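Those protein sequences? They're chains A and B, same order as listed. Anchor point for the first sequence: position 202 equals 202 in my numbering, and the numbering is continuous, going up by one each time. Anchor point for the second sequence: position 314 equals 636 in my numbering, and the numbering is continuous, going up by one each time.
There are 2 protein chains.
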Amino acid sequence: MGDPAGIGPEVIMKSVASPDIRRLAIFTIVGDAGVIENASKECFKEKLSVHQWADKDIKLDETSVNVIDPGSALKNTSPGNPTLEGAKKTLECIRVAAEIMQTSSKDSARAMVTAPVSKELIARVHEGFIGHTEYLQEASLAKLVTMVLVGDNLCVIPVTRHIPIKEVPAKLTGELIVETLKQVVDNRELISGENSARIAVTALNPHCGEKGRIGTEEIDIIAPAVEKAKKFYEYIEGPISADTVFYGALKKKVDIVVAMYHDQCLAPFKMVDFDSGVNVTLGLGWVRTSPDHGTAFDISGKGLANAGSMKHAIKLAFRAIS
Amino acid sequence: MGDPAGIGPEVIMKSVASPDIRRLAIFTIVGDAGVIENASKECFKEKLSVHQWADKDIKLDETSVNVIDPGSALKNTSPGNPTLEGAKKTLECIRVAAEIMQTSSKDSARAMVTAPVSKELIARVHEGFIGHTEYLQEASLAKLVTMVLVGDNLCVIPVTRHIPIKEVPAKLTGELIVETLKQVVDNRELISGENSARIAVTALNPHCGEKGRIGTEEIDIIAPAVEKAKKFYEYIEGPISADTVFYGALKKKVDIVVAMYHDQCLAPFKMVDFDSGVNVTLGLGWVRTSPDHGTAFDISGKGLANAGSMKHAIKLAFRAIS
Numbered sequence: 001m002g003d004p005a006g007i008g009p010e011v012i013m014k015s016v017a018s019p020d021i022r023r024l025a026i027f028t029i030v031g032d033a034g035v036i037e038n039a040s041k042e043c044f045k046e047k048l049s050v051h052q053w054a055d056k057d058i059k060l061d062e063t064s065v066n067v068i069d070p071g072s073a074l075k076n077t078s079p080g081n082p083t084l085e086g087a088k089k090t091l092e093c094i095r096v097a098a099e100i101m102q103t104s105s106k107d108s109a110r111a112m113v114t115a116p117v118s119k120e121l122i123a124r125v126h127e128g129f130i131g132h133t134e135y136l137q138e139a140s141l142a143k144l145v146t147m148v149l150v151g152d153n154l155c156v157i158p159v160t161r162h163i164p165i166k167e168v169p170a171k172l173t174g175e176l177i178v179e180t181l182k183q184v185v186d187n188r189e190l191i192s193g194e195n196s197a198r199i200a201v202t203a204l205n206p207h208c209g210e211k212g213r214i215g216t217e218e219i220d221i222i223a224p225a226v227e228k229a230k231k232f233y234e235y236i237e238g239p240i241s242a243d244t245v246f247y248g249a250l251k252k253k254v255d256i257v258v259a260m261y262h263d264q265c266l267a268p269f270k271m272v273d274f275d276s277g278v279n280v281t282l283g284l285g286w287v288r289t290s291p292d293h294g295t296a297f298d299i300s301g302k303g304l305a306n307a308g309s310m311k312h313a314i315k316l317a318f319r320a321i322s
Numbered sequence: 323m324g325d326p327a328g329i330g331p332e333v334i335m336k337s338v339a340s341p342d343i344r345r346l347a348i349f350t351i352v353g354d355a356g357v358i359e360n361a362s363k364e365c366f367k368e369k370l371s372v373h374q375w376a377d378k379d380i381k382l383d384e385t386s387v388n389v390i391d392p393g394s395a396l397k398n399t400s401p402g403n404p405t406l407e408g409a410k411k412t413l414e415c416i417r418v419a420a421e422i423m424q425t426s427s428k429d430s431a432r433a434m435v436t437a438p439v440s441k442e443l444i445a446r447v448h449e450g451f452i453g454h455t456e457y458l459q460e461a462s463l464a465k466l467v468t469m470v471l472v473g474d475n476l477c478v479i480p481v482t483r484h485i486p487i488k489e490v491p492a493k494l495t496g497e498l499i500v501e502t503l504k505q506v507v508d509n510r511e512l513i514s515g516e517n518s519a520r521i522a523v524t525a526l527n528p529h530c531g532e533k534g535r536i537g538t539e540e541i542d543i544i545a546p547a548v549e550k551a552k553k554f555y556e557y558i559e560g561p562i563s564a565d566t567v568f569y570g571a572l573k574k575k576v577d578i579v580v581a582m583y584h585d586q587c588l589a590p591f592k593m594v595d596f597d598s599g600v601n602v603t604l605g606l607g608w609v610r611t612s613p614d615h616g617t618a619f620d621i622s623g624k625g626l627a628n629a630g631s632m633k634h635a636i637k638l639a640f641r642a643i644s
């Protein structure tokens, strides 16, 4: 459900109320039943099928939208008024959703769509919480997960994510780049829609290091990693200077850009896909997507939230499992 | 003239041949006379007034476009065929142009527009050459110079420039940020066209460091520098996460973005101003502008080069001195 005080519940219910989404799957929302029911009032006319996670034998209602409530009802949290109580339940929902994914049969279609949370609030009730991606990596025992941003114009992947810039050069190993490229190649059709997607890899330093004059990581680490990756997938090129490669992607010269760090790809991505971005996590063993916007506490509960990005996220999750 | 084998000579002559540029000033091109004359053939119908730099007493012809040739004529360089001979003369032209700026009266209107060079080739004849900005800083004995990219949509400034990412965090001091902001504030009208331009300062780390959880430079260095800068200019805010601030600038919430490093601002800048960018150097004691494209050796000599960015650069230089 995301943070119960944010626009998460609203965009979830607006999405499942939409016929083109509703027909895709049997939906189960892991969230506070009261919050979800409240968010349904204005937009969702059917009756929800509510279950308690504590109940041993949950039977999903295939004709309805299901809610699984992982714990006691929220008392002091309302739209626009975030609380630690709400943050705690948000995290509990993510934990339960991950457990459902982990314990479902590997043959079943497993996809999880998350709604926006306040990382700051969750970090206050769960020390060290950085974000969904890292939390789910731990919950799924995945060795490596990859964060992908899919927009209408660009598809970008940062090899390193939520770490200080200072730590980026040491974290960038050839192995990490190659393993990330493997996950991207394995999921290229899901994320770009193209089976022969052209993948570009950025440089770390300005002007691609200018042959070693502005840094040596291009020569020592990135170029050899790209060469290795070419052995399992031919349409990979790089390293390419970050100030030209994203523009090239915008002009459709490449389909996917794998970047070395967070801002290097997020800043150009948001210039052209601010409203359309979907976040996809690869490597969990199941699919996780998410709209790329925040909790928007300021407009929560007013019926103003745009469900476009959530709908994109649901459609992408559906594409992955169908 | 820029690299004689590149499109520099062509875009210079196309620009001065254009009536809206021609009427702005008395132009002097520092370059190889043969190369400039060759580039004039197709587009410039007047007779050039050619001078040798070695001549003691050069008298510019105010009715014509002047060429000052700093040395012996190029023999083996032609459009599309870059040589070390050409790189050497390119650098000599920059040196002479800088000398003209430095030795002209401080009361005279001093502006220099540079054309694209091959940094790689110049570095082979002049060890350690990184780019115009750094070379001119040395030539002008400037303590601090600032590189500004001015486009149709964005106006961005990297506090650090052509250095490896690894060196960025250590290079970023409060003093450097404050002094850069001073130069930006002093030149805000030139670069943004606004006397009360709103200036945003980026964070260094992802998500603005998330209150210290992803790096501490925001708290320790950038926020205090912004506070100091606010004492001499009120419309400064920051640090702001790089993945939202450029989009905000595109939506006109701010006029100028001061970023912490090269790719952080160049990647989003080129997404929306790939063709319109002008490079401006602040702090030299005189004005220097430049189109933000490269030598384009592949299309040189074919009459195909677009002079739009060079014209922008000339107009901006003129705005600075008028």
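Heads up, the beta-carbon is just placed ideally off N, CA and C, and yes, glycines get one too. Quick caveat: nothing in here was measured; it's all calculated off a predicted structure.
- The three-state reading of DSSP puts A:S72 in coil, since its state is none of H, G, I, E or B.
- Distance from B:Q586 to A:D263 at the Cβ level is roughly 6 Å; contact confirmed, criterion being Cβ atoms closer than 8 Å.
- Going by C-alpha positions, B:K381 is about 44 Å away from A:S241.
- Proximity of chain B to A:Q137 at the Cβ level (cut-off 7 Å) is not reached, the minimal Cβ distance being about 16 Å.
- Listed along chain B, the residues sitting closer than 8 Å to A:T244 by beta-carbon distance are K592.
- Check the Cα spacing between B:G605 and each of B:F554, B:E359, B:A581 and B:S462: the tightest is with B:S462.
- Taken atom to atom, the span from the alpha-carbon of A:I191 to that of A:D255 is near 10 Å.
- In this chain, the beta strand (DSSP E) harbouring B:T603 covers V600 to L604.
- Counting only unbroken stretches of 4 or more residues, the alpha helix (DSSP H) elements lying wholly within the stretch 42-115 of chain A are 84-103, in sequence order.
- Between A:K230 and the set A:P206, A:V185, A:V257 and A:Y247, the nearest pair of CA atoms involves A:V185.
- Annotation: A:A267 to B:D565 spans about 4 Å, alpha carbon to alpha carbon.
- Per DSSP, reduced to three states, the secondary structure at B:A522 is strand.
- Within the same chain, M1, P4, D69, A73, L74 and K89 come within 7 Å of A:D32 by CB-CB distance, once the 5 residues on both sides are set aside.
- Membership of B:L503 in the alpha helix (DSSP H) is indicated by the continuous run G496 to D508.
- Counting only residues of its own chain and dropping the five nearest sequence neighbours on each side, A:A98 has a CB closer than 7 Å to the CB of L136, A139 and S140.
- The three-state secondary structure of A:I157, taken from DSSP, is strand.
- The beta-carbon separation of B:I544 and B:A525, rounded to 6 Å, stays under the 8 Å limit for a contact.
- A:H207 has a beta carbon lying within less than 8 Å of a beta carbon in chain B.
- Non-local C-beta neighbours of B:K550 in its own chain, meaning closer than 6 Å and more than five positions away in sequence, comprise V500, ordered along the chain.
- With contacts defined as CB atoms closer than 8 Å, B:G330 and B:T617 qualify as a contacting pair.
- One finds E120 in chain A with Cβ atoms closer than 8 Å to the Cβ of B:K533, taken in chain order.
- Only residues of its own chain outside the window of five on either side were considered, and among them M1, P4, P9 and L74 have a CB closer than 7 Å to the CB of A:V35, listed in chain order.
- The C-beta of B:K378 comes no closer than 8 Å to any C-beta of chain A.
- Remark: C-beta atoms of B:V481 and B:V580 approach each other more closely than 8 Å.
- Residue nearest to A:R198 within the set A:I165, A:N66 and A:V156 is A:V156 (criterion: CA-CA distance).
- Checking the DSSP bridge columns, you'll see A:S290 partnered with A:N279.
- By the C-beta density criterion, A:L316 is buried, having at least 16 other C-beta atoms within 10 angstroms.
- In the structure shown, A:L149 falls within a strand segment according to DSSP collapsed to helix, strand and coil.
- Closer than 7 Å at the C-beta level to chain A, one finds these residues of the stretch 480-504 of chain B: H484, I485, P486, I487, K488, V490 and P491.
- Chain-ordered listing is empty here: chain A has no CB closer than 9 Å to the CB of B:H448, the nearest sitting near 13 Å.
- The Cβ atoms of A:I12 and A:A111 do not sit closer than 8 Å to each other.
- Against B:I536, the close residues of chain A are H162, I163 and P164, in the order they occur along the chain (beta-carbon pairs closer than 7 Å).
- In this structure, the straight-line span from the alpha carbon of B:A347 to that of A:I214 is close to 38 Å.
- B:M469 places its beta carbon 8 Å or farther from that of A:M271.
- With respect to chain A, the C-beta atom of B:L370 has no partner C-beta closer than 8 Å.
- Around the CB of B:K369, fewer than 16 other CB atoms lie within 10 Å, so the residue is classed as exposed.
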